[in-house]
Amino acid sequence: MTTTTRIRSTLSFSLAGRRAESALKVAGVVGFALLTALAAQATVPIPGTPVPMTLQSLSVTLAALTLGGRLGALSMSLYLLLGMAGLPVYADASGGLHTTLGATGGYLLGFILAQPIMARAARTRTGAYAGWKGLVAALVLGHAVIFALGVFWLKIRLGFDWASALDGGLWPFLPGTLIKGAAAFFLGLIVTPRTCLRG
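So that you can map any letter, position 58 of the sequence shown is 111 in the working numbering, and since no number is skipped, the others follow by simple counting.
Laid out in structure tokens, this is it:
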């Protein structure tokens, strides 16, 4: 094999590898957007609040741990775009701009903004897995962002006072969040050290 042939072979393999990686990233972005839509259908209505309990936070957390901050945010943005386009991807198979800007709008925005925060907390500056402490930090910080935006949205968009916003947007969800957070933690112990899609 000549030097030229070797170079061509190396370039060919490199190009094929990049294409495969790009395809895997696209699949991850689309896949987690669809998984979040599916998780939204597992709803439990909470008396006294327009915000239902869903399994979305589990999917949102795993997106950040698997895809990384940039791709995770892109995946959640795609999820919102599908909902804004009218597809039934929100809780109870709802969709449309009105629903996007409704009672859960702050949480939906939080899904996007929490991605880089969770992804960064779960890894060191070099991109290495930060261990179980990093996962705990990712879960706490990510959910803090989501709930903060959700409660603030209820206050501003729906005109709740702070006490009502907390009663309707935070306190009833804490027990379920602890359970889902525990599930995300144990799944994260498996997923995060092995993930190859860090964007």
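Backbone N, C-alpha and C define an ideal beta-carbon position, used for all residues, glycine too.
query: What are the uninterrupted segments assigned as beta strand (DSSP E) that are 3 or more residues long and contained completely in the region 100 to 165, given in chain order?
result: Note on the region 100 to 165: there is no whole beta strand (DSSP E) run with a minimum of 3 residues.
message: Please identify the residue among Gly84, His196 and Pro141 whose C-alpha is closest to the C-alpha of Thr119.
response: Taking the Cα of Thr119 as reference, the smallest distance to any Cα among Gly84, His196 and Pro141 is reached at Gly84.
task: Check the C-beta distance from Leu202 over to Tyr160 and give it rounded, since I have them as a contact under 8 Å.
output: With 8 Å as the limit, Leu202 and Tyr160 qualify as a contact, their Cβ atoms being about 7 Å apart.
Rounded separation between Ala235 and Gly241 - CA only: Taking the straight line from one Cα to the other gives about 10 Å.
Whether Thr114 touches Leu133 by CB criterion (8 Å): No, the Cβ-Cβ distance between Thr114 and Leu133 is not below 8 Å.
field: Among Met137, Gly180 and Asp145, nearest to Leu91 - alpha-carbon criterion
entry: Ranking Met137, Gly180 and Asp145 by Cα distance to Leu91 puts Asp145 first.
- prompt: Just reading off the alpha helix (DSSP H) that Val244 is part of, what are its end residues?
  reply: It spans Leu227 to Val244 - the alpha helix (DSSP H) in which Val244 sits, taken as one unbroken run.
message: Taking 8 Å as the limit between beta carbons, can you name the residues of its chain near Val97, skipping five residues before and five after?
response: Scanning its chain for C-beta atoms nearer than 8 Å, with the 5 sequence neighbours on each side dropped, one finds around Val97 the residues Pro105, Met106, Thr107 and Gly229, in chain order.
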